[in-house]
Amino acid sequence: MNPKPYALRVGFLRGGIELRQTFTNLQDLWSHVFTPVVMLVVLAFMRDSTVPGTDFSMGVMALPSILGMFVAFGMVTAANSLLIEREDGTLLRAKAVPDGMLGYLVGKLVTVSGMTLVSLLAFLLPALFLVDGVAVGDLGTWLEFTAVFVFGLLAVLPIGAVIGSLFSNPRNMGFVMLPVMGLIGISGIFYPITQLPMFLQWIAQVFPIYWLGLGMRAALLPDAMATVEIGESWRHLETVGVLGVWIAAGLVVAPVVLRRMARRESGSAVQARKEKAIQRVA
Numbered sequence: 001m002n003p004k005p006y007a008l009r010v011g012f013l014r015g016g017i018e019l020r021q022t023f024t025n026l027q028d029l030w031s032h033v034f035t036p037v038v039m040l041v042v043l044a045f046m047r048d049s050t051v052p053g054t055d056f057s058m059g060v061m062a063l064p065s066i067l068g069m070f071v072a073f074g075m076v077t078a079a080n081s082l083l084i085e086r087e088d089g090t091l092l093r094a095k096a097v098p099d100g101m102l103g104y105l106v107g108k109l110v111t112v113s114g115m116t117l118v119s120l121l122a123f124l125l126p127a128l129f130l131v132d133g134v135a136v137g138d139l140g141t142w143l144e145f146t147a148v149f150v151f152g153l154l155a156v157l158p159i160g161a162v163i164g165s166l167f168s169n170p171r172n173m174g175f176v177m178l179p180v181m182g183l184i185g186i187s188g189i190f191y192p193i194t195q196l197p198m199f200l201q202w203i204a205q206v207f208p209i210y211w212l213g214l215g216m217r218a219a220l221l222p223d224a225m226a227t228v229e230i231g232e233s234w235r236h237l238e239t240v241g242v243l244g245v246w247i248a249a250g251l252v253v254a255p256v257v258l259r260r261m262a263r264r265e266s267g268s269a270v271q272a273r274k275e276k277a278i279q280r281v282a
């Protein structure tokens, strides 16, 4: 039996099992619901405001941007999951079987993608009743939406894998969340990026969060609303180009970093981390 196809199949099965388990765990269910509920409250406060200098609803502009933010959060979910399973020995057990790391990574891709989609839909479906003006009745809209979702996950999940490989303690995730929240603040998610200083606009355009928000807005909003974007355009080619660069970079860098991290994993290293965790609790 060829081990790689078998590892891929096991990885898909593992991911499906983990995803189903999230719906039977109260803490996981809460994580699926909490952020969408918070974003719905934010959207409710924004729906009666307008974009400065226009009659466009700020709520309508924010809805697809928040969807892009949910996709970007996939990298945080991936990093946190990798950190936890590195500490509890799951990663070491995967390393111990032929092509186990391949199966593990495929499973994690399935799990995180599924969790991201669930959170995204938990926000989108009620949000459509809060604001009017989102174009959801066209097949082309959903094809573009799906393309942005897939490209976005492929761009951000390798970043999450690299972050999870560089840290060894799940409690260090605060050092990840702070810059992520900062990028969200300057990426046009809740306020048009054209209203920000130029240097912040350039910083935001380097990272995928801005392009995910822009791609979702291009998919779900009327063309007239592109007038508040940079260059008064949805910039489809630039969106594909920047996300493509992040995908290519991630596919090159992430496997190298993950292999180096896996080589350093050992029973003694896992035990040492467990003992440190026990000491912190005590």
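Anchor point for the sequence shown: position 279 equals 279 in full-length UniProt numbering, and the numbering is continuous, going up by one each time.
We put the beta carbon where it would ideally sit given N, CA and C, even for glycine.
Computed from a predicted structure; not experimentally measured.
query: From VAL136 to ILE66, what does the alpha carbon distance come to, in whole angstroms?
result: Here residue 136 refers to the residue found at position 136 when the sequence shown is read from its first residue. Here residue 66 refers to the residue found at position 66 when the sequence shown is read from its first residue. Each residue's alpha carbon lies about 16 Å from the other.
Endpoints, alpha helix (DSSP H) assigned at residue 334: For residue 334 there is no data in the structure shown, the boundaries of the chain being 1 and 282.
field: Pair within 9 Å by beta-carbon distance, GLY250 and VAL162
entry: One-based indexing of the sequence shown puts residue 250 at position 250. One-based indexing of the sequence shown puts residue 162 at position 162. Closer than 9 Å, so yes.
message: Per DSSP, what are the beta-bridge partners of SER57 in this structure?
response: Taking the first residue of the sequence shown as 1, we reach residue 57 at position 57. DSSP output for SER57 lists THR50 as bridge partner(s).
query: alpha helix (DSSP H) containing TYR210: first to last residue?
result: Translated into positions along the sequence shown, residue 210 becomes position 210. Residues 208-220.
Same chain only: Cβ atoms within 7 Å of LEU196, ignoring 5 sequence neighbours per side: As a working mapping, residue 196 is identified with position 196 in the sequence shown. The answer, listed in chain order, is ILE186.
task: Thinking LEU221 and PRO64 are a contact (beta carbons under 8 Å), I'd like their distance in whole angstroms, please.
output: Sequence index remark: in the sequence shown, residue 221 carries index 221 (1-based). Sequence index remark: in the sequence shown, residue 64 carries index 64 (1-based). Correct: roughly 6 Å between the Cβ atoms.
field: Cut-off 7 Å between Cβ atoms - residues of its own chain near PRO126, not counting five sequence neighbours on either side
entry: Here residue 126 refers to the residue found at position 126 of the sequence shown. Excluding residues within five positions, the ones whose Cβ falls inside 7 Å are LEU40.
field: Rounded distance between the beta-carbons of ASP28 and THR22, thought under 8 Å
entry: Counting from one through the sequence shown, the residue named residue 22 turns up at place 22. Counting from one through the sequence shown, the residue named residue 28 turns up at place 28. Confirmed, about 4 Å.
field: Supposed contact pair ILE209 and ILE184 - C-beta distance, whole angstroms, cut 8 Å
entry: The residue you call residue 184 lines up with position 184 of the sequence shown. The residue you call residue 209 lines up with position 209 of the sequence shown. Contact holds; Cβ gap of about 6 Å.
query: Got a sec? Which residues, its chain only, sit under 6 Å from GLY15 by beta carbon, not counting five neighbours each side?
result: To locate residue 15, count along the sequence shown from 1; it is residue 15. Same-chain partners within the cutoff: GLY107, VAL110, THR111.
message: Quick check on the burial criterion: 16 or more other C-beta atoms within 10 angstroms. Buried or exposed for ASN80?
response: Here residue 80 refers to the residue found at position 80 when the sequence shown is read from its first residue. With 16 or more Cβ atoms within 10 Å of its Cβ, ASN80 is classed as buried.
- request: Locate the alpha helix (DSSP H) running through SER113, then write down its first and last residues.
  value: One-based indexing of the sequence shown puts residue 113 at position 113. Element bounds for SER113: 100-130.
- request: Find the nearest neighbour of residue 290 within the set SER165, SER113, PHE129, judged by alpha-carbon distance.
  value: As displayed, the chain neither begins before 1 nor continues past 282, which places residue 290 out of reach and without an answer.
Local Cβ density within 10 Å of ALA62, reported as buried at 16 or more and exposed below that: Within the sequence shown, the letter at position 62 stands for residue 62. Its Cβ being crowded by 16 or more others within 10 Å, ALA62 is buried.
task: Tell me whether ASP138 sits in a helix, a strand or coil according to DSSP, three-state version.
output: By one-based count along the sequence shown, residue 138 stands at place 138. Coil, per DSSP.
field: Beta-carbon spacing of GLY133, SER233 below 9 Å
entry: Locating residue 133 in the sequence shown gives position 133, counting from the first residue. Locating residue 233 in the sequence shown gives position 233, counting from the first residue. No, the pair does not count as a contact, with Cβ atoms beyond the cut-off.
message: Check for me: the alpha helix (DSSP H) holding PRO255 runs from which residue to which?
response: Taking the first residue of the sequence shown as position 1, residue 255 is located at position 255. 236-264 is the span of the alpha helix (DSSP H), which, as asked, contains PRO255.
message: Using a 10 Å radius around the Cβ and a threshold of 16 neighbouring Cβ atoms, would you call ALA96 buried or exposed?
response: Residue mapping note: residue 96 aligns to position 96 of the sequence shown, counting from 1. Burial call: exposed.
- request: Answer with buried or exposed for THR116, where buried requires no fewer than 16 other C-beta atoms within 10 angstroms of its C-beta.
  value: Here residue 116 corresponds to residue number 116 of the sequence shown, with the count starting at 1. Classification of THR116: buried, given that the 10 Å Cβ count is 16 or more.
- request: Please classify ASN80: does DSSP put it in a helix, a strand, or coil?
  value: Residue mapping note: residue 80 aligns to position 80 of the sequence shown, counting from 1. Helix at ASN80.
Test: ASP48 CB closer than 9 Å to a CB of chain C: No chain C is present in this structure, which holds just one protein chain.
task: Tell me where the alpha helix (DSSP H) around ARG93 begins and ends.
output: One-based indexing of the sequence shown puts residue 93 at position 93. Start and end: 90-95.
message: Using CA atoms only, rank isn't needed, just tell me which of ARG47, THR146, VAL76, ASP55 is closest to LEU178.
response: Here residue 178 corresponds to residue number 178 of the sequence shown, with the count starting at 1. Nearest option by C-alpha distance: VAL76.
- request: Within the same chain, show all residues whose beta-carbon is closer than 6 Å to that of GLU18, passing over the 5 residues directly before and after it, in chain order.
  value: As a working note, residue 18 is residue 18 in the sequence shown. Excluding positions up to five away in sequence, the list reads THR111.
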